[in-house]
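> I am attaching a structure below and will ask some questions about it afterwards.
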Amino acid sequence: MNPTEPSEGRASDRGVQKHVLNRIDDKTVGELREIAARYPHKRSGLLPMLHLVQSAQGRITPEGIETCAEILELTSAEVSGVATFYTMYKRRPVGDFHVGVCVNTLCAVMGGDEIYDRLSEHLGCGNDETAERREGDTATVSLERIECNAACDYAPVAMVNWEFMDNQTPQSAKDLVDDLRAGKEVHSTRGPRLVTWREAERVIAGFNDDLANEGPSAGPASLVGRNIARERGWTAPGVPASNEQKGEGE
Amino acid sequence: MSDMLTPVLTDNWGDERSWTIEAYEAQGGYRALSKALAMSQDDVIAAVKDSGLRGRGGAGFPTGMKWGFIPQDNPNPKYLVVNADESEPGTCKDIPLMMASPHTLIEGVIISAYAIRANHAFIYVRGEVLHVIRRLQHAVKEAYLAGHLGKNIHGSGHDLELVVHAGAGAYICGEETALLDSLEGRRGQPRLRPPFPAVAGLYASPTVINNVESIASVPSIIEHGPDWFSSMGTERSKGYGIFSLSGHVTNPGQFEAPLGITLRELIDLAGGMRNGHKLKFWTPGGSSTGILTDEHLDVPLDFEAVAEAGSMLGTRALQIFDETTCVVRATLRWTEFYKHESCGKCTPCREGTWWLVQSLAKLEKGEGTEADLDVVLDQCDNILGRSFCALADGAVGPITSSIQYFRDEYIAHLTHGGCPHDPAASTLFAPAGASA
Ligand SMILES: Cc1cc2nc3c(=O)[nH]c(=O)nc-3n(C[C@H](O)[C@H](O)[C@H](O)COP(=O)(O)O)c2cc1C
Ligand code: SF4
Ligand code: FES
Chain A
1 MNPTEPSEGR ASDRGVQKHV LNRIDDKTVG ELREIAARYP HKRSGLLPML
51 HLVQSAQGRI TPEGIETCAE ILELTSAEVS GVATFYTMYK RRPVGDFHVG
101 VCVNTLCAVM GGDEIYDRLS EHLGCGNDET AERREGDTAT VSLERIECNA
151 ACDYAPVAMV NWEFMDNQTP QSAKDLVDDL RAGKEVHSTR GPRLVTWREA
201 ERVIAGFNDD LANEGPSAGP ASLVGRNIAR ERGWTAPGVP ASNEQKGEGE
Chain B
251 MSDMLTPVLT DNWGDERSWT IEAYEAQGGY RALSKALAMS QDDVIAAVKD
301 SGLRGRGGAG FPTGMKWGFI PQDNPNPKYL VVNADESEPG TCKDIPLMMA
351 SPHTLIEGVI ISAYAIRANH AFIYVRGEVL HVIRRLQHAV KEAYLAGHLG
401 KNIHGSGHDL ELVVHAGAGA YICGEETALL DSLEGRRGQP RLRPPFPAVA
451 GLYASPTVIN NVESIASVPS IIEHGPDWFS SMGTERSKGY GIFSLSGHVT
501 NPGQFEAPLG ITLRELIDLA GGMRNGHKLK FWTPGGSSTG ILTDEHLDVP
551 LDFEAVAEAG SMLGTRALQI FDETTCVVRA TLRWTEFYKH ESCGKCTPCR
601 EGTWWLVQSL AKLEKGEGTE ADLDVVLDQC DNILGRSFCA LADGAVGPIT
651 SSIQYFRDEY IAHLTHGGCP HDPAASTLFA PAGASA
């Protein structure tokens, strides 16, 4: 484990923390203003703005809080009060790849507890911690126990930078983090190639990358009922049966 | 009688590039929009009322009636907010819908906003679903380019701006008034009602908040008519809905069926319980709806019958557990979730969920006596109905119901000095021969 205190101005030696200074650059300030301008009342922009701060700075920094406060004409305490309420906002840096293991009841029972334990052992770090960067690693990985991520039909579920990694086993989860640390290209089971946590936070803030067209329409579990209906010719009343067996996941 | 499964919303989910506007329009998408824009706004509201559509986000409030509460003489702007926070444990229908067919939701948003005369709409999507957020953003952009959004939509005189807004990780933001506070850039804490959002919602203006699936159902109602919709379902629970089966069934997944289908039928469609195992307990609509057992396999899954069975239809999130699962462990884990997610605004919930975790953790370790079970029930009694919002009521649901049906299993923990189950047996990668 690599404990990193949220001390200001201290450059971390990790890949994700490239900025020595925590000053928010002008481009980011411009984008923060752009977010605020999307809403009839600018304060509504605060949540996406904080996501952008995380993208630019690797975490919620005091400078980020102040800049948001200035733009929205709030006090830093008001912005801070919001930032601390939500679990996606991190006061300590996370890894380039932030791995969440669902330990809510259904996933836990189906194997999520065991996956979390094995992964934690394998990485040598606990909840909300970043695994130590080893010789030769090109990326860092952090670990979090997460709640139900609306993917229960793919249990046990893990997330990497908030992309779905469905139907995990202890072994697949260990292989996953090994690949991530080794810099291999990894794809979400229902989405595109994984981007870094900071890149992900930028999309969440509202700045789309060009990956929307990657990945399937749906994973196999999402299609179970639809496929049975097609096989048996079941439809909603008055909607003609679609005989084409097209598309993915068939 | 309708067919057993009636795919409407899920029908295009497996189509090639189903998330794009070309694919959506190729299978008839945005036809309902043209039809709606040729109707009067009140006629659109009437159609949704007549269809019998009830909210798909859990509470089942009639959607058309909710729209009718918007005071049209109120001088403030009207807002439409889509609740895409989907965080209730077990619930996993809105996320695949928005991933596979974001345009179904967007078409619903445009029609609904037209009906309630809103010029501004928001999709509040939970932040932890990156690819879904991407697909939504991309689809909104496509809809603007196609002229379905923006100023004077297809010459109707109606304007609509639609913003995709990502949350930041807080279950309570699914509660509609907490969602509004969150969307205003605050901590997500529920508001006192009245005033109801229909009168004073977002920015203290008239606001409709609906679940993703509710809004996504609107285009089909406009296209095929309210009678078509209400020809499916039961007496007071009309239409189709997505049923999400997860857990110890052979093929977990999404099943779109008329309301009133039974768990027995659904488990059968899902290929039965996993190899050689038996149903032990299940949630009808997420963890906030009290658990049921194999006695309830034939309860019609509609709002009325599930309530009569002592639980709630909720979000049709059917989490299925077989006999290898410890009900005490399951209950404790859900309770830890509610404790973690309690927003802290009111004492019975903030303190109560903390105490419940302490008490249940002790019981799970086999510490204490049978009298402690009554202490737990007493704690539940002091929380239920005495808290500020429904999160706390949801928190006690699994506890009281599991004690009702499985009191013996709680006691077995005490006599056994801990959990009598082998947790490995309930995993999907259970070693051969592992058993409860
Ligand atoms: C703690 C809590 C969490 C909720 N989470 C959600 C949610 O994630 N999605 C949702 O649509 N409704 C959720 N609801 C219900 C909403 O408050 C509201 O009833 C619903 O969005 C109304 O839409 P509908 O009438 O279309 O169902 C939640 C309620 C509570 C009390
Ligand atoms: S019941 Fe719980 S979640 Fe709801 S307002 Fe009270 S503390 Fe917050
Ligand atoms: S319980 Fe893990 S995704 Fe729902």
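Chains A and B are the protein sequences, given in the same order. Residue numbering for the first sequence follows the numbering used here, beginning at 1 and increasing consecutively. Residue numbering for the second sequence follows the numbering used here, beginning at 251 and increasing consecutively. Yeah, the Cβ is synthetic: ideal placement off N, Cα and C, and Gly gets one too. Note that the structure is a prediction, hence the values are computed from the model and not measured.
1. Closer than 8 Å, CB to CB, is A:T169 near chain B or not?
2. Could you check the C-alpha separation between A:T75 and A:T67 for me, to the nearest Å?
3. Helix or strand or just coil, what does DSSP make of A:G247?
4. Give the range of the alpha helix (DSSP H) segment to which A:W234 is assigned.
5. Between A:A182 and A:E201, what straight-line distance do the alpha-carbon atoms span, to the nearest angstrom?
6. If I follow the unbroken alpha helix (DSSP H) through A:S135, where does it start and stop?
7. Return no unless some Cβ of chain B is closer than 8 Å to the Cβ of A:A229.
8. Within the chosen definition, does the stretch 189 to 201 of chain A reach the stretch 396 to 410 of chain B through at least 3 CB pairs nearer than 8 Å?
9. What ranges does the alpha helix (DSSP H) occupy inside the stretch 594 to 654 of chain B, keeping only unbroken runs of at least 4 residues that lie completely in it?
10. Along chain B, in chain order, which residues have C-beta atoms closer than 8 Å to that of A:I204?
11. Compare the C-beta of A:T138 with all C-beta atoms of chain B and state if any pair is closer than 8 Å.
12. Just tell me which of A:C107, A:Y89 and A:R232 has its CA closest to the CA of B:L519.
13. Ends of the beta strand (DSSP E) at B:D572?
14. At which residues does the beta strand (DSSP E) containing B:A371 begin and terminate?
15. Roughly how far, in whole angstroms, is the beta-carbon of B:L259 from the beta-carbon of B:I492, given that I think they are within contact range, below 8 Å?
16. In this structure, how does DSSP classify A:M159 when only helix, strand and coil are distinguished?
17. Just verifying my parser: in three-state terms, what is the DSSP assignment at B:P352?
18. Three-state secondary structure (DSSP) at B:A396?
19. If the cut-off is 9 Å on Cβ atoms, which residues from the stretch 485 to 512 of chain B count as contacting chain A, listed in chain order?
20. Would you say the beta carbon of B:A642 comes nearer than 7 Å to a heavy atom of ligand 2?
21. What I want to know is whether the C-beta of B:G340 ends up closer than 7 Å to one or more non-hydrogen atoms of ligand 4.
22. Which class does B:L442 belong to by DSSP, given the choice of helix, strand or coil?
23. At least one CB of chain A closer than 8 Å to the CB of B:S481: is that the case?
24. Compute every distance between the C-beta of B:D335 and the non-hydrogen atoms of ligand 1, then say whether any falls below 7 Å.
25. Going by beta carbon distance, what residues of the same chain come within less than 6 Å of B:C576, once the five residues before and after it are set aside?
26. Using the beta-carbon count (16 or more within 10 Å), is B:S284 buried or exposed?
27. Helix, strand or coil for B:F656? Go by DSSP, reduced to three states.
28. For a test of the three-state rule: what should DSSP assign to B:G483, helix, strand or coil?
29. Taking 8 Å as the threshold (beta carbon to beta carbon), is B:M254 in contact with chain A?
30. Residues in its own chain within less than 6 Å of A:I146 by CB, not counting five upstream and five downstream?
31. For B:K488, which three-state DSSP category applies?
32. Taking the runs of the beta strand (DSSP E) that are 3 residues or longer, which of them lie wholly in the stretch 526 to 568 of chain B?
33. Report yes or no: is there a C-beta of chain A within less than 8 Å of the C-beta of B:F679?
34. Which same chain residues end up closer than 6 Å to A:V79 when comparing Cβ atoms and leaving out the 5 residues on each side of it in sequence?
35. Kindly indicate the opening and closing residues of the beta strand (DSSP E) around A:G100.
36. Tell me, which residues are paired with A:N187 by DSSP?
With the given structure in hand:
1. Contacts with chain B at 8 Å (Cβ-Cβ) include A:T169.
2. Taking the straight line joining both Cα atoms gives about 10 Å.
3. Low confidence applies to A:G247: its pLDDT is 39, below 50, so where it sits in the model is not reliable, and the reading given next is rough at best. DSSP places A:G247 outside both helix and strand once states are collapsed to three, so it counts as coil.
4. From DSSP, A:W234 is part of no alpha helix (DSSP H); its letter is neither H nor E.
5. Rounded to whole angstroms, the separation of the alpha carbons of A:E201 and A:A182 is 22 Å.
6. The sequence shown places Glu at residue 135 of chain A, rather than the Ser named in the question. For A:E135, there is no enclosing alpha helix (DSSP H), as DSSP gives it neither H nor E.
7. Yes, A:A229 counts as interfacial toward chain B.
8. Taking 8 Å as the limit for Cβ pairs, the verdict is that the stretch 396 to 410 of chain B does not touch the stretch 189 to 201 of chain A.
9. Correct list: 597 to 614 and 621 to 633.
10. Contact note: A:I204 reaches chain B through G377, L380, I383 and A416, using a C-beta cutoff of 8 Å and chain order.
11. Judged by the 8 Å Cβ criterion, A:T138 is not in contact with chain B.
12. The option with the nearest alpha carbon to B:L519 is A:R232.
13. A567 to D572 is the span of the beta strand (DSSP E), which, as asked, contains B:D572.
14. Bounds of the beta strand (DSSP E) holding B:A371 are H370 to V375.
15. Taking C-beta atoms under 8 Å as the contact rule, B:L259 and B:I492 qualify, at a distance of about 6 Å.
16. Strand, per DSSP.
17. If DSSP states are grouped into helix, strand and coil, B:P352 belongs with the helices.
18. It is coil, neither helix nor strand.
19. Correct list: Y490, I492, F493, S494, L495, S496, G497, H498, N501, P502, G503, Q504, F505, E506, A507 and P508.
20. Result yes, Cβ under 7 Å from ligand 2.
21. As far as ligands go, the structure on display features ligand 1, ligand 2 and ligand 3 and does not contain ligand 4.
22. In the structure shown, B:L442 sits in coil (DSSP, three-state: anything other than H, G, I, E or B).
23. Yes - at least one Cβ of chain A is within 8 Å of the one on B:S481.
24. Result yes, Cβ under 7 Å from ligand 1.
25. Here the set comprises C669 and H671.
26. The residue is exposed, with fewer than 16 neighbouring Cβ atoms inside 10 Å.
27. Reduced to three states, the DSSP call for B:F656 is helix.
28. Strand, per DSSP.
29. Yes, B:M254 lies at the interface with chain A (some Cβ there is under 8 Å from its Cβ).
30. G100 and C102.
31. Looking at B:K488 - three-state DSSP - the assignment turns out to be strand.
32. Taking only runs of at least 3 residues, the beta strand (DSSP E) segments lying wholly in the stretch 526 to 568 of chain B are 529 to 533.
33. So, interface residue.
34. Excluding the 5 residues flanking it on each side, A:V79 has same chain C-beta neighbours closer than 6 Å at I65, C68 and A69, in chain order.
35. For A:G100, the enclosing beta strand (DSSP E) starts and ends at F97 to C102.
36. For clarity, residue 187 of chain A is His in the given sequence; the question names Asn instead. Beta-bridge pairing links A:H187 to A:R193.
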